[in-house]
Structures are given as structure tokens and as C-alpha cells.
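Residue numbering for the sequence shown is 1 to 892, as defined by UniProt numbering. For every residue, glycine included, the Cβ atom is placed at its ideal position computed from N, Cα and C. One structure is given below, encoded as C-alpha cells.
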Amino acid sequence: MSKNVVIVESPAKAKTINKYLGDDFVVLASYGHVRDLPARDGSVRPDEDFAMDWELGDRAGKNVDAIAKAVKAADHVFLATDPDREGEAISWHVQEILRSKKLLETRDVQRVTFNEITKRAVQEAFTHPRQLDRPLIDAYLARRALDYLVGFTLSPVLWRKLPGSKSAGRVQSVALRLICQREQEIESFKPQEYWTIEVEASTDKGTFVARLTELDGKKLDKFALPNEAAARDAARRIEAGNFKVGSVERKQQRRNPYPPFITSTLQMEASRKLGLSATKTMRTAQGLYEGVEIGGETVGLITYMRTDGVTLSGEAISQARGLIGKEYGDKYVPAQPRVYKSTAKNAQEAHEAIRPTDLSRRPQDVARYLDADAARLYELIWKRTVASQMESAVFDQVAVDIPSADGKISLRATGQTLVFDGFLTLYREDRDDPVEGADEEESRRLPPMEKGDAVKRGEVKPEQHFTQPPPRFSEASLVKRLEELGIGRPSTYASIMQVLQDRQYVTLDKKRFQPTDRGRLVTAFLENFFPTYVAYDFTADLEGKLDSISAGELDWKKLLREFWTAFSAAIGETKDLKISDVISALDEELGPHLFPQAEGARDPRVCPTCGTGRLSLKLGKFGAFVGCSNYPECNFTRPLVVPNGEGGDADQPASRELGTDPASGLMVTLRRGPYGSYVQLGEANKEDKKAPKPKRASLPKGLPAADVDLEKALSLLALPRPVGTDPNTNEEITAGIGRFGPYVKRGPVYKSLTAGDDVLTIGMNRAIELLANAGAKGAGRGQLRELGLHPDDQVPVTLHSGRYGPYVKHGKTMASLPRGVTVEEATLDGALPLLAAKAKPGKAKPAAKKAAAPKKDAAPAKKTAPAKKAADKKSTAKKTAAKKTAAKKAKS
Numbered sequence: 001m002s003k004n005v006v007i008v009e010s011p012a013k014a015k016t017i018n019k020y021l022g023d024d025f026v027v028l029a030s031y032g033h034v035r036d037l038p039a040r041d042g043s044v045r046p047d048e049d050f051a052m053d054w055e056l057g058d059r060a061g062k063n064v065d066a067i068a069k070a071v072k073a074a075d076h077v078f079l080a081t082d083p084d085r086e087g088e089a090i091s092w093h094v095q096e097i098l099r100s101k102k103l104l105e106t107r108d109v110q111r112v113t114f115n116e117i118t119k120r121a122v123q124e125a126f127t128h129p130r131q132l133d134r135p136l137i138d139a140y141l142a143r144r145a146l147d148y149l150v151g152f153t154l155s156p157v158l159w160r161k162l163p164g165s166k167s168a169g170r171v172q173s174v175a176l177r178l179i180c181q182r183e184q185e186i187e188s189f190k191p192q193e194y195w196t197i198e199v200e201a202s203t204d205k206g207t208f209v210a211r212l213t214e215l216d217g218k219k220l221d222k223f224a225l226p227n228e229a230a231a232r233d234a235a236r237r238i239e240a241g242n243f244k245v246g247s248v249e250r251k252q253q254r255r256n257p258y259p260p261f262i263t264s265t266l267q268m269e270a271s272r273k274l275g276l277s278a279t280k281t282m283r284t285a286q287g288l289y290e291g292v293e294i295g296g297e298t299v300g301l302i303t304y305m306r307t308d309g310v311t312l313s314g315e316a317i318s319q320a321r322g323l324i325g326k327e328y329g330d331k332y333v334p335a336q337p338r339v340y341k342s343t344a345k346n347a348q349e350a351h352e353a354i355r356p357t358d359l360s361r362r363p364q365d366v367a368r369y370l371d372a373d374a375a376r377l378y379e380l381i382w383k384r385t386v387a388s389q390m391e392s393a394v395f396d397q398v399a400v401d402i403p404s405a406d407g408k409i410s411l412r413a414t415g416q417t418l419v420f421d422g423f424l425t426l427y428r429e430d431r432d433d434p435v436e437g438a439d440e441e442e443s444r445r446l447p448p449m450e451k452g453d454a455v456k457r458g459e460v461k462p463e464q465h466f467t468q469p470p471p472r473f474s475e476a477s478l479v480k481r482l483e484e485l486g487i488g489r490p491s492t493y494a495s496i497m498q499v500l501q502d503r504q505y506v507t508l509d510k511k512r513f514q515p516t517d518r519g520r521l522v523t524a525f526l527e528n529f530f531p532t533y534v535a536y537d538f539t540a541d542l543e544g545k546l547d548s549i550s551a552g553e554l555d556w557k558k559l560l561r562e563f564w565t566a567f568s569a570a571i572g573e574t575k576d577l578k579i580s581d582v583i584s585a586l587d588e589e590l591g592p593h594l595f596p597q598a599e600g601a602r603d604p605r606v607c608p609t610c611g612t613g614r615l616s617l618k619l620g621k622f623g624a625f626v627g628c629s630n631y632p633e634c635n636f637t638r639p640l641v642v643p644n645g646e647g648g649d650a651d652q653p654a655s656r657e658l659g660t661d662p663a664s665g666l667m668v669t670l671r672r673g674p675y676g677s678y679v680q681l682g683e684a685n686k687e688d689k690k691a692p693k694p695k696r697a698s699l700p701k702g703l704p705a706a707d708v709d710l711e712k713a714l715s716l717l718a719l720p721r722p723v724g725t726d727p728n729t730n731e732e733i734t735a736g737i738g739r740f741g742p743y744v745k746r747g748p749v750y751k752s753l754t755a756g757d758d759v760l761t762i763g764m765n766r767a768i769e770l771l772a773n774a775g776a777k778g779a780g781r782g783q784l785r786e787l788g789l790h791p792d793d794q795v796p797v798t799l800h801s802g803r804y805g806p807y808v809k810h811g812k813t814m815a816s817l818p819r820g821v822t823v824e825e826a827t828l829d830g831a832l833p834l835l836a837a838k839a840k841p842g843k844a845k846p847a848a849k850k851a852a853a854p855k856k857d858a859a860p861a862k863k864t865a866p867a868k869k870a871a872d873k874k875s876t877a878k879k880t881a882a883k884k885t886a887a888k889k890a891k892s
């Protein structure tokens, strides 16, 4: 074994680094976090000064054992996980585990970080190792404890007081509030009418378009022409007037390039330009960072993608300026290198911006080594980096005022001409950029004009407009708003949005977030009973304090004590809170949403069935609904429905045609059902009930309905699909979607896919890895193997993996394996006593129905008769079983 052990978090990173370090080093992966707080009450104990319990993850045992084995034979241990707070935390967990195994007493342990996985950067980092950064670790511990305490203290309150709700989170609840408040703004929005007037005009040097800006010597604001009558009157006065050019204002404007990407801006631009979700963007960037096989060598293509820093290294700036001069010419190279400073609140971790590790690797050169999304994302990063060091774009802007002869009316014409494209020749951020296309650029150019030039008036065009509600949040705009408020951190945005969707608090419709009724109920509950903890300023201030901890300026336990004192008191105030109080508060809060009042319509609260009852919010075992106050005389109920706000995005249609299946000729449709969206091949035969139902396939979590096209739908309908043959067992591996979501299967062994796996593209290596863990840990669902035949009835005894661990099964009797017994060690002889203990008569279930109450005159003997009969039946069953067993033994 090597004398130098290096520990990273991913196998791809380990493979790349191993090549750079040589034979004196062995590089092992921890596969992410090796420990976490157990998902049960008491893992963080405020009464013991916030003592914390940690346990190994489901898949961590094998990886930790491999690391420990390698460390035993080593002299030096290098912790080389990612260079951020989470990376520091992973290194700390690994060190603590090794220390508990007494493996570090005689070994040197050091921390190594690098911002890019290139040979130069890695080798340079190993010449400057350091110790673990304790303030960063403390900040991680504080954040983890806060999230745990909020989740495990607040969620039970939700479950008790708001049936049907799920869990609450410290940052996720605040993000959900943003989405819900935007929906309220849309629903309460009242469009306002206004008019504008454009005039086609010309001089002897060309034509242009002007807009009415002054009337009767007064500047017009947006709503100065509130209706058609006012607009028509103004148009008539313009048609009667004579106009000449008044003042001509010319100025030159320079537009500077955008800074290189940080985590949040990368997520925003990838969403806007590439249509990638934040989760997909970060997963793709992770692959580019960890390394790609190019020409027989694995190289990291970009620097670390979780960063708040916008700076570039001197080497990167020099390379960019050289490339710009060579590719575009010296006029595109500014006189001085551009230096950027972060404007984000509480920017932590002084890393470089996200950039290519080598700008000479042009997008077209590496595209053939990448999948489509990775190639597009790399191109985006490459262009943004190079453009950030290019010369500014230059525009000539002209504004011309054109008054009438009597001075009571004034028109204004504006134009913009691109003089020098600068960085815009390579990169444009805003799709609505006025210089995006040549046609649009020409339409904004004015002919030469001088003061006193006569203006010939053409057609006068009054135009009606209505104000529009604010749009729903997209992933990009939500990230931008969270960043503006200082809530969360760039590395957490993707998980925040994913959690909200997983909990069914929001849906992503047409790439816009829309709150579900469940989400709105939870938000209303928190706003009414825990307003402090969903306040934007409070959450942002807490983030600032966490950053102060990472800077070594604040004690982490002091922060926890202050938080817990106030938070536990707030929780205590809800102890005597009645569900009726909750219902009343939510009914009032959500009334405008649940019962929108249409102009001229009857009271929406009046029950449509009985006509006298009042409709209001009700809470049942399975969640909230609307019911009548005259219950039980009137049993009218309806589910909660989110009506569309005016101007908001309309819901997707119940059915949308995607195209024709080339194999069957049947139409493929995307539909919405009570359990989510799905695709369907053909139509059901409503006349023949015995006819086979059309094939359907549910959409996996994380796949927005708006992103489903015919190709993707046909791939889903073709599931389960063959992945390949396992070379170890010679069994076929398939991938599909079942009752519990996407899975891979080999023989009787199933394993659910993780959030980062795609059922449509998962390959052999990943599938074998998942199934190996399912077999080793009992983490997958389904039967693992048959142990043998039960001696009593020759029915097979089987070994299974379940939600709570491995178990054995005989008929309908199931028994868990004892602690410490692995699935490999399970045998028939060991299973029989476990099953026998479960099948004891004392374990029998009680009768389903209670015996009828005895009459007053009933004889006492009759009360015991049913028990006697039951005993007789059990006795007979025992004798019969004994006879069968004896007969089998005699035969053998």
C-alpha cells in the first residue's frame, strides 16, 4: 500500500487526481458526506449545549472501511475534498471517523484544496497543505443544527395542527413564501387601461417614428391618456398641427461586459439561455469540473462551480487577452485588464469565478467529448469568461424633440446605433437586447436631423394597453430574488427549489413556479403563527451570522443559544393552539384565493347545494377542503382549487398531443391525472370495457411536463428498458418506473434511483453500483434470494430488503433480521426460529369486530363461549400441524 493516502469525495475526481500524483499516492473517494444527523428526534440536544449525534450513511460503511484500511498502511493522509464549507465538513467527518478508530495517533493529517483539477493546480496544492479550517467547520455545524432544529421541531407542529401538510424547512419555507406572495399579487392584480400615440413622420432625409410626450405643455405620464376618447382627441390635435425639429441631443454610451460567472449567475443564464434547471446545471458543471476523458487523458474543464467570487487569476486574464487579440484583433483588447468585485451580500469563500481551466480548449474542440448539455454549458462558460475581458460596446444615442408650431404638443423620437460591438460580438446576456438582430437595430436608427428641419406627419396611431401583473418566478428569477435578499447561498439554491417540488408545495409549469394549495396552506400557517421565522430580514440576518462564524468572528454555539431560546418559546406558544383557531386564521387569510369575488356575481361563500350555508375552509384526515357550514344536513364539499390569476400563466391543458408513434401509428398524448402528469399511447375504448387499456407512463420527478416532447414520451412508454447484462451474474439489468419511482432491477433485486440518476439514460456501471449496494445493505426493495423450503409445509422461505432493513418471509409471516446479521449471513436455519417467534399464538391479531354487548338477562356462561370455540379451533390446528410434521419426518 502507498505511504500517502488522499481522500476526495467523488470517484471521478479520485481517478483524475490519481493520474496527476503518481504511484506514491493512492486516492480514494468518500462518495460525498459519510455521516449525517440521524433522522430522528434528539440528534441535536440543546439541553446538552447542542451536542450532536452522527451516524454513517446507508452506503458509507464500505467506503469508510476501504479508507480506514488504506490509512493503516500509510504515513500521510491528505484530505482533498472541495474547497468550500461543505468540502471542509466532509474532510472533518472523515478525520473524526479515523480518529475514533485510533488511526491518526501516529499519522500526519493535512488539508489540501485546489480550485481546478489540472495537473499544475493539483501538484501546486500538495506543496502547500494546511490544517482544517475550524471556523468553516463551526459554520457548517451551526447551519446543520439550525436546519435540524427547525425541521424536527416545527414539522411536528405542522402535522398536529395542519393535517395533510408535510415538513417545514428554515430556508425552503422562506423561498415558498416568496412564491406564494407573488401568486397573491397576481390574483389581486387589477389591470389598468392606458393609451399611447405613435406618429409616423419623415424629413427630407428619411422616415422615423415619434411618440407623443407632451400635451398642453405638460409632460404625459403613463396613465395620462386613460381611455379611447382621450386618445382620439389627442390624435385629432396632432393631425391638425404643424411640427418642426426642436432640440437634437446626441451622446455616446459605453456598455461594459458582464463579470465572469458565479454560481447564481450561471444558474440564471443556463435557465434563460439553455433551458436547464438549477439542479441540472450544477450536476453538469460538476462533471465538467471533475474531469472529462480527452485524447486519452482525464482533464478538468472548468474551475470549481460553487463560488461567490468574480475574480480571475492573473494567468487566466493573460490567456484571455492573448486569445482576444489573436481571434478578434487588438481593438477588442482593453488597455487595462478588467478587475471585478463581488456585489453579493455576505460573499464568502474567496474563490475564483467559474471559468475554463484552459481557454485554448475552444467549445468546438471539446464538444465531441461531451454530451449535448455539457457542451452547451461549457460554451456558455467559455464565452462569458472571454467576453468579460473584452472591450466595451459603444452606441450612439440620439433623442429628438419635435414640438408643434403653437408649442402645446411635443413628440419625441429616439434612436440607437451600434458604433462598435466590443464584447457583444461574442456574448449577449439579455434576450431583449436592442442590438440582438440587424433588423431590430435598423428599426432604432434615426435619419440625420437638425434643429429647424420641417417634419412631415404621416399616420397617427393611438394604441390601447393594459398593465400586466408581475410574472411568476422562474428558476432564474427566484435565484436572483433570493440572492438580492441575502437568503440561502448559491450552493443551496438548486436543492431549495428541488425540495419545494418534492414536497408538492409548488409545481413548475411552463418553467414558472406556481404554489399548490398545500404550499399556500403551509405558508399561511407559518405567516400567522411563526411570522418571525419566515421573515426575509430575519433569515438574511441569520445567514450573515453564519458567515461571521465562518470568518471566525462569532461563536457558533452562542448563535444557537440565542436562536433556540426564542424559537422554542415560539413553539411553546402553540401548545394550546386549537385546530379550530388554525382553521379560522387560514380561512380568513386564504379567503380571497379560495372564494374569489367576480364583479356582479353572487357571494362565492354561499353554498351552491343548500343555498343557505356558508362555505369555508375545513381540515380533514387527508388535508384541507372546502365544506358547507350546514353539515351534516348539507354534505357539499369540494377540493381546494387554485384559480388562475388574471394575466398569470394558464394551467397546462388536461391533454396535449405530442405526435404519432411511428411503430403503431397511434397518437401520443401528455395528460394530467390526479397523481400527476403522464404520457399515453392511443385512446381508451369506452364502448368495450374488456378492451385492453392504453399504455401509460408517469413522468419521473424533476421532469417538467413542459419539457416533454414526442421523443421523450416514446422513451418513457418503452420502459422498462434493458440496460445490459451484469458480467458478474450474467443476469439482465433493466430500468423502469414503478410504484415507488424510477428503479433498476436485476433478477428479483430492485434498487430505487437517486436524485442524480436518469431512468432514461442510466448506464451499466452506475446500475451495477446501485444494485451492489442494494444487495450489500438491504437498501433496495424486493426479494433478494430464496433460503430454502420450510420443513412444515415445504413453502419457500425468502430473504427480502425492506424500508426498515432486511427481513425473512414465509407465507404471510415476516420477521426482521437481528442487528448485526447481514444479508450474506442469513440462512434457513437462522430464519426458522425468527419466523416461529412471529407465528406464536400470543402474537395473533385481535378479532376485527367486537362482540355484541351482552343483554342484562344473559347467562354468564355465554360470555366465554366464543373464546372457548376459538381455543378449540387453535388446538385442532396445532394437532393437524403436528401430525403433518410427524408424517414428513417418518417419510424422510
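Helix, strand or coil at residue i according to DSSP, with G and I counted as helix
i           : result
residue 601 : coil
residue 61  : helix
residue 4   : strand
residue 148 : helix
residue 54  : coil
residue 93  : helix
residue 351 : coil
residue 16  : helix
residue 385 : helix
residue 822 : coil
residue 495 : helix
Environment of residue i [buried if 16+ CB atoms lie within 10 Å]
i           : result
residue 740 : exposed
residue 14  : buried
residue 128 : exposed
residue 4   : buried
residue 419 : exposed
residue 7   : buried
residue 579 : exposed
residue 38  : exposed
residue 338 : buried
residue 465 : exposed
residue 545 : buried
residue 488 : buried
Contact set for residue i: own chain, Cβ-Cβ below 8 Å, skip 5 residues either direction
i           : result
residue 159 : 165
residue 220 : 212, 213 and 214
residue 223 : 192 and 194
Cβ shell of residue i (< 7 Å), same chain only, five flanking positions each side left out
i           : result
residue 170 : 146, 147 and 150
residue 810 : 790, 795, 797 and 835
residue 12  : 290 and 291
For residue i: DSSP bridge partner residues
i           : result
residue 737 : 742
residue 564 : Bridge partners of residue 564: none, in fact.
residue 627 : 616 and 637
residue 448 : Answer is none; residue 448 lacks a bridge partner.
residue 415 : 398
residue 195 : 464
Closer than 8 Å to chain C by CB, residue i
i           : result
residue 445 : Although the question refers to chain C, the structure presented lacks it and comprises just one protein chain.
Own chain partners of residue i with C-beta closer than 6 Å, once the 5 adjacent residues on each side are dropped
i           : result
residue 666 : 681 and 682
residue 894 : The structure shown does not extend to residue 894, since the chain is modelled only from 1 through 892, so no value can be given for it.
residue 243 : 402, 404 and 455
ask   = Would the region 305 to 320 and the region 257 to 270 be scored as touching if the rule is three or more Cβ pairs under 8 Å?
value = Contact holds: three or more Cβ-Cβ distances are below 8 Å.
message = Taking 8 Å as the cut-off, does the region 514 to 534 touch the region 584 to 600 (at least 3 CB pairs, one atom from each stretch)?
response = The answer is yes - the region 514 to 534 touches the region 584 to 600, with three or more Cβ pairs under 8 Å.
inquiry  = Below 8 Å, how does it come out for the region 458 to 476 and the region 498 to 512: are there three or more Cβ pairs, yes or no?
reply    = Cβ pair count under 8 Å is three or more, so yes.
Inter-stretch contact at 8 Å, needing at least 3 Cβ pairs: the region 69 to 79 / the region 105 to 116 = Contact annotation: the region 69 to 79 touches the region 105 to 116, with at least three C-beta pairs closer than 8 Å.
Any 3 or more C-beta pairs closer than 8 Å across the region 606 to 614 and the region 629 to 640 = A contact between stretches requires three or more CB pairs, one per stretch, nearer than 8 Å, and the region 606 to 614 meets this requirement with the region 629 to 640.
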